[in-house]
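Single-structure report; data block below.
Number of protein chains: 4
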Amino acid sequence: MIVVMEPRATREQINEIVRKIQDAGLSSHISAGVERTIIGVVGDSHTKELLRQSLEASGGVERVVLILQPFKLVGREFRPHDTIVDVGGVRIGDGSVVVMAGPCSVESRDQILQTARGVKAAGAVMLRGGAFKPRTSPYSFQGLEEEGLRYLAEARAATGLPVVTEAMDAAQLMLVVKYADMIQIGARNMQNYTLLREAGRVKCPVLLKRGPSATIQELLLAAEYVMSEGNYDIVLCERGIRGFDNYTRYLLDLSAVPVLKQLTHLPVIVDPSQASGKWKYVPPLAKAAVAAGSDGLIVEVHPEPEKALSDGPQQLTPDSFSRLMAELIPLAAALGRRVQAPAALR
Amino acid sequence: MIVVMEPRATREQINEIVRKIQDAGLSSHISAGVERTIIGVVGDSHTKELLRQSLEASGGVERVVLILQPFKLVGREFRPHDTIVDVGGVRIGDGSVVVMAGPCSVESRDQILQTARGVKAAGAVMLRGGAFKPRTSPYSFQGLEEEGLRYLAEARAATGLPVVTEAMDAAQLMLVVKYADMIQIGARNMQNYTLLREAGRVKCPVLLKRGPSATIQELLLAAEYVMSEGNYDIVLCERGIRGFDNYTRYLLDLSAVPVLKQLTHLPVIVDPSQASGKWKYVPPLAKAAVAAGSDGLIVEVHPEPEKALSDGPQQLTPDSFSRLMAELIPLAAALGRRVQAPAALR
Amino acid sequence: MIVVMEPRATREQINEIVRKIQDAGLSSHISAGVERTIIGVVGDSHTKELLRQSLEASGGVERVVLILQPFKLVGREFRPHDTIVDVGGVRIGDGSVVVMAGPCSVESRDQILQTARGVKAAGAVMLRGGAFKPRTSPYSFQGLEEEGLRYLAEARAATGLPVVTEAMDAAQLMLVVKYADMIQIGARNMQNYTLLREAGRVKCPVLLKRGPSATIQELLLAAEYVMSEGNYDIVLCERGIRGFDNYTRYLLDLSAVPVLKQLTHLPVIVDPSQASGKWKYVPPLAKAAVAAGSDGLIVEVHPEPEKALSDGPQQLTPDSFSRLMAELIPLAAALGRRVQAPAALR
Amino acid sequence: MIVVMEPRATREQINEIVRKIQDAGLSSHISAGVERTIIGVVGDSHTKELLRQSLEASGGVERVVLILQPFKLVGREFRPHDTIVDVGGVRIGDGSVVVMAGPCSVESRDQILQTARGVKAAGAVMLRGGAFKPRTSPYSFQGLEEEGLRYLAEARAATGLPVVTEAMDAAQLMLVVKYADMIQIGARNMQNYTLLREAGRVKCPVLLKRGPSATIQELLLAAEYVMSEGNYDIVLCERGIRGFDNYTRYLLDLSAVPVLKQLTHLPVIVDPSQASGKWKYVPPLAKAAVAAGSDGLIVEVHPEPEKALSDGPQQLTPDSFSRLMAELIPLAAALGRRVQAPAALR
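Chains as they are written, first to last, in the numbering used here: chain A, 170 to 515; chain B, 170 to 515; chain C, 170 to 515; chain D, 170 to 515.
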């Protein structure tokens, strides 16, 4: 941490800053330049963030520059090697490309069973599907809730595909853990700290989606909430941030993939369906995500997108999804990677 | 709703769209232009949003344009006159300027009592202060929780100022309702639908803050969640959206004030402290908010910002806050309004 | 400038950095922390920016943090007192509120004469009007060009109002200087460095509008281009940046006003017409701009907005403009300021 | 074009709108719904944009919805098949991946000759290098100007690689055309309409970069400026838009690639160097761009990035560039495409 003083800062103001640094059990390092004085803070302490705010609020201070990242457990400095998250035998982060697929919402027993069989046949290794749906409008379909979870469990039994599904609060989390293999925390709840802490206390992998206005650092600190409670099995997901152009629903930030892979040991996957909001753009963005180094994809597939109860326009048909999978296999190979195959085929 | 067909759309595709509109119990209206066919959808139905998605996912459709706003209860068309929200005698939305003030976090009994007396003396009519704090990092101070709520209630007893404080989940909501006069739903929880629904079921006014990437429509639909459960006492709050410049913490969107006042009957206030993140910018932005037509302000004030356990840099001292209040009184008068005075002085 | 080394940086990499700093004629200051080494750069040099890039591109460097602002002449450190720009007797930046008004485009002799008289009667002290129009589409009305400049000069002769109008390239600049009192450099040309340099070489005040994606620093560096060529008469203008909501055309950033007033000695005005794109929002935003500390306003006024050849929806009628002026006078007074009156009335 | 009337619109207001549409030589189509009246505008006219603004500024109108795209010549409806732009034998847009490479700035004869040979050996088919440099600060290196152009021409003579380089104004454009094979119009000048028109009048292909806050539509309308003057040889370039996170310099918008490919027949390439600002992220983003369907790449390569006079941190060394090229070849093959080889090797 470095404190940049204002050009007019007085001697007393500088001394006051030095005193505060000492009171926090840290040492300081003054560098008096021609134009202004700069004070370095040396040492570490768990109250450093508080000290930063105190210094920033002090007289004569122009700004405080942080040198170290504010996250710990999620950082590469804490754990240099890639974390591999095991979800019912699927290994996310081992270098292969993991594809999760399924409908936006679970709508009926038939719909999810049919989709599960279809995406498995096409090569997906995990099944997605929402039972609890966060919808912008209170008048939209809100999901089948526990009934949906039961159908998901049935689809897993029928296909062997592990299931990922969203929980929006602590009560739903307990239900999801009972039925599913991986809890999704959605973009709108990325900073729902109560939910993050609860997710940190269960023994179940977490898929944490980036909020549409979340910085990379905020996403990592949200993961830090989960890890700080003891759950280290976290997969991050880029799903589009708020952009200014309406041709796509959100703005897919693929540079987040290499940036995150450099900063954190956690796996990173991409959701091209939520990001684009239009099925036509899903295949090129899915391929781009893999080329950018994503550990996997989560793709929306619906047997009849025109009849979907939510987000029809962004869901692929099983046929288009099969074609996409057929393109991903040589693509991954060209990148020196492979698309992860179902356990039975390994 | 208007369906714009692609230039190459076939006769069958157009017929299919018409059929779907009829199946939804609505009627259609075809306009065959030189370049493309446009189909108007006439009538209303609670499944219109679903129909929109189905049409958008259909073959031959370029895009679907919504004509009506997707919100209902919060809209001016539902209720043309301004809603006035009464919080313990303070009337928000009656044309006057309501000022709420207090520390970012409740830190001790003394701190909140002292601040409450200070902001009351300066002219504030409501007390703010966080007992449950949503913090970006799990290692930051998380609030005094129920103890903080008790101190807030004590401060109200001592000063007569109604209290607004944040709840981050359903459990906290029940506690907040027990102690406070108004529940704050913070920016990070603006789309926490479980919390919004719970807030809709209690008899307590709600202060709903705009999320940093929320569109005006998303904010109004979040309020619609609360209203659709029966709680009509909602105050909206602009507190800065995600910008690209770092001189301020967020980007205060003051055009949201007249836009919201036109679209909704609910009161709208502004938080210049969270928006700017720097106390120096709070007074000019507070005055600008009032000039833009805001129904009030929520301002952070701390007896010793340098010692604050959260957000010190953005908190005013009681002295600067007094000066701001002294400036707001003639400003409001010049605008044909008044700063609302404490009940005892009315 | 501070160089933060990577945790794994080697001794040689650190030495290399130190050597480069010395080669640039500056001295270094090593601080070896537990987690990483930090190297301070002491002294100043005109090649500092180049050194920064060289260091950032060197092995073992995590990032380089700049301590000082990159602009010079425009900064408060160069000139602590407010610059007052005199435009034909109108003094911008002297503490009063300067109002410039007129149509988006000059459309005919009658239209500009009528508008000039109308805005003068209402209290404006400068006339605006575009003769060269930067239009998003090549098929839109592009302005009357030199004919428009002549009408503007005629309107000035008739009313005594100094004229501000846009130039989009060096050739237009020479024409504009011949007829007008102030050159406008529009938002789209804020980083047209050829034009900025030309504007720096003429003896004519410049109104420099912020580009829609320009940071505060980029705006100040654009002004630095003009000043570095010798023209110190610059007025900055906030006119809305790119936002994500479509209710307004751009997103007016009023926090830019106090931020700029702190960083630079140059006057700052606000354009609420371009920012909002809708006349209904112009009066509240104009008042908010003044309350935020703006040195003035530039407002679009057209005798018949429905018949305007450009931007009709955002132009006020002379009547609405008169009402706005009548509201600004007591507002300015309440803020301890005044709306600047035409020279004849002073 | 569809006019949505306000719920309270009067009969007279509706008649007025109908009259205006007729006056513009178009016909109208009224649809009186329960909640509001909607008026369709049928027919086409070159004054449609003006009519839109006039209607939007009329009483009783809530908003006007455009149905057709505002661009013409650049659209797929004007020309359904992909345009192939030939630059000295390099065919951009023919399905292959075209790689342009070279330093950010031309710094010396040796530097550009050495780089040209290096990038050619690695497989690039065009040489980039700035002779006129748009720099945010007036104190940064501004390029070697005509001397730089001469070195570029010499490098072309030595290697056979066609040259692309930037022009910032009309005078520079004439010089660039004399020496180079393709004119670059940079992001900061995307809406410099004088320059766009000039570029439309020369016989030289144009590389048009997207401005950091430009919507897709604004980019296409900028290209329309060039085309409307007669120059149809335009290549569009996505180079990152303004984002809110500082880990990268700009935010690369790869969804712009499939969106543009759908809307326009013009080729689209990607600049991963400018977008990320950090060489480490260039290879993953370059590969992602190709996977997203980009017609090519423009990549910054410098023999000694640490000594570069501009943008050192984002330039690849010739070695890293060779490795990237070696990765692109199998990647393109896996996508059913190929990396375009120099003419001699075809």
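For each residue, glycine too, the CB sits at the ideal point set by N, CA and C.
Being a predicted model, the structure only gives us computed values, none of them experimental.
Assuming residue i and residue j form a contact by the criterion Cβ under 8 Å, report the distance between their Cβ atoms to the nearest whole angstrom.
i, j, result
"residue 508 of chain B", "residue 497 of chain B", "5 Å"
"residue 271 of chain D", "residue 296 of chain D", "5 Å"
"residue 182 of chain D", "residue 482 of chain C", "Actually they do not touch by this definition, with Cβ atoms about 15 Å apart."
"residue 417 of chain C", "residue 394 of chain C", "Not really, about 29 Å apart at Cβ, beyond 8 Å."
"residue 411 of chain B", "residue 382 of chain A", "4 Å"
"residue 234 of chain A", "residue 190 of chain A", "Actually they do not touch by this definition, with Cβ atoms about 14 Å apart."
"residue 342 of chain C", "residue 371 of chain C", "7 Å"
Relative to the C-alpha of residue i, which candidate in the options has its C-alpha closest?
i, options, result
"residue 258 of chain C", "C/251, C/387, C/336, C/374", "C/374"
"residue 262 of chain A", "A/402, A/188, A/271, A/511", "A/402"
"residue 436 of chain B", "B/278, B/260, B/353", "B/260"
"residue 445 of chain D", "D/181, D/251, D/485, D/300", "D/485"
"residue 452 of chain D", "D/245, D/201, D/309, D/268", "D/268"
"residue 299 of chain C", "C/458, C/313, C/290, C/426", "C/313"
"residue 377 of chain B", "B/412, B/427, B/440, B/415", "B/440"
"residue 473 of chain B", "B/317, B/457, B/284", "B/284"
"residue 460 of chain A", "A/490, A/415, A/506", "A/506"
"residue 290 of chain A", "A/202, A/427, A/266, A/488", "A/488"
"residue 294 of chain A", "A/325, A/370, A/427", "A/325"
"residue 414 of chain C", "B/265, B/346, B/387", "B/387"
"residue 503 of chain A", "A/368, A/266, A/438, A/433", "A/266"
"residue 327 of chain B", "B/355, B/278, B/404", "B/278"
"residue 213 of chain A", "A/348, A/193, A/229, A/398", "A/193"
"residue 244 of chain C", "C/477, C/490, C/340, C/434", "C/434"
"residue 179 of chain B", "B/187, B/204, B/431, B/229", "B/229"
"residue 477 of chain A", "B/227, B/347, B/205, B/427", "B/227"
"residue 310 of chain D", "C/470, C/218, C/419, C/264", "C/218"
"residue 247 of chain A", "A/432, A/457, A/471", "A/432"
Is it true that the CB of residue j sits closer than 9 Å to the CB of residue i?
i, j, result
"residue 292 of chain A", "residue 455 of chain A", "no"
"residue 175 of chain B", "residue 231 of chain B", "yes"
"residue 275 of chain C", "residue 334 of chain C", "yes"
"residue 442 of chain C", "residue 302 of chain C", "no"
"residue 408 of chain B", "residue 429 of chain B", "no"
"residue 211 of chain D", "residue 237 of chain D", "no"
"residue 322 of chain C", "residue 364 of chain C", "no"
"residue 380 of chain A", "residue 353 of chain A", "no"
"residue 209 of chain B", "residue 200 of chain D", "yes"
"residue 350 of chain D", "residue 288 of chain D", "no"
"residue 306 of chain D", "residue 239 of chain C", "yes"
"residue 281 of chain A", "residue 329 of chain A", "no"
"residue 423 of chain A", "residue 423 of chain D", "yes"
The alpha helix (DSSP H) that contains residue i, what's its start and end?
i, result
"residue 259 of chain D", "Run containing residue 259 of chain D: none in the alpha helix (DSSP H); it sits in the beta strand (DSSP E), 259-261."
"residue 224 of chain B", "217-225"
"residue 414 of chain A", "Neither: residue 414 of chain A is in no alpha helix (DSSP H) and is coded neither H nor E."
"residue 353 of chain C", "Run containing residue 353 of chain C: none in the alpha helix (DSSP H); it sits in the beta strand (DSSP E), 351-354."
"residue 205 of chain D", "Note, residue 205 of chain D: premise wrong, no alpha helix (DSSP H); not H, not E."
Locate the beta strand (DSSP E) running through residue i, then write down its first and last residues.
i, result
"residue 377 of chain A", "375-378"
"residue 268 of chain B", "267-271"
Report the residue ranges of all alpha helix (DSSP H) runs contained in full by the stretch 437-508 of chain A; include only those spanning at least 4 residues, in chain order. 441-445, 451-460, 487-503
Any beta strand (DSSP E) of 3 or more consecutive residues that is wholly inside the stretch 292-348 of chain C: 295-297, 332-335, all fully within the stretch 292-348 of chain C.
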